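The structure appears below as structure tokens.
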Amino acid sequence: EQSYREHFDRVATGGTIKTTELATFFKSLNLRFRRCALAEVGSEVEKDCELGRVGLLSFEACRRAVEICRLREGFQKHELDQFRKAFQVFDRDMSGDIAPGELWGALQWLRLRI
Numbered sequence: 041e042q043s044y045r046e047h048f049d050r051v052a053t054g055g056t057i058k059t060t061e062l063a064t065f066f067k068s069l070n071l072r073f074r075r076c077a078l079a080e081v082g083s084e085v086e087k088d089c090e091l092g093r094v095g096l097l098s099f100e101a102c103r104r105a106v107e108i109c110r111l112r113e114g115f116q117k118h119e120l121d122q123f124r125k126a127f128q129v130f131d132r133d134m135s136g137d138i139a140p141g142e143l144w145g146a147l148q149w150l151r152l153r154i
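Take any residue in the sequence shown, note its place counting from 1, add 40, and you have its number in the numbering used here.
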């Protein structure tokens, strides 16, 4: 947390950062996530931010953004929902695992190129 605070303080003005500066904060931590994922998470934590001011994030909100991005492994929420749905559909034997054949079907269903 100390490292987060130091990096936050370098980016922050008046104890807050703008949601548009979230990528700069992440980059200073050597974390790389897609801008669309950062924008989504920025909006989420902004809604929960105790500041109540649009476009500004507190240290706690930024720390929460890092946690969310790591938890989601850089994917957007709707992408994770699609992956979960594909898993449910293609885990035909309901084993909790996807066999190679099931995985191939899931990837095609998701329209992912291999």
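Built from N, CA and C at the ideal position, the CB exists for glycine as well. Keep in mind that this is a model prediction, so the values were computed, not measured.
I need the straight-line Cα distance from Val-129 to Gly-54, nearest angstrom please.
Val-129 and Gly-54: Cα-Cα distance of roughly 49 Å.
Quick one: using the 10 Å Cβ neighbour count with 16 as the cut-off for buried, is Gly-82 buried or exposed?
Result: buried.
What span of residues does the alpha helix (DSSP H) with Ala-146 cover, start to end?
That run of the alpha helix (DSSP H) goes 140-149.
In the structure shown, what three-state DSSP assignment does Leu-120 receive?
In the structure shown, Leu-120 sits in a helix (DSSP, three-state: H, G or I).
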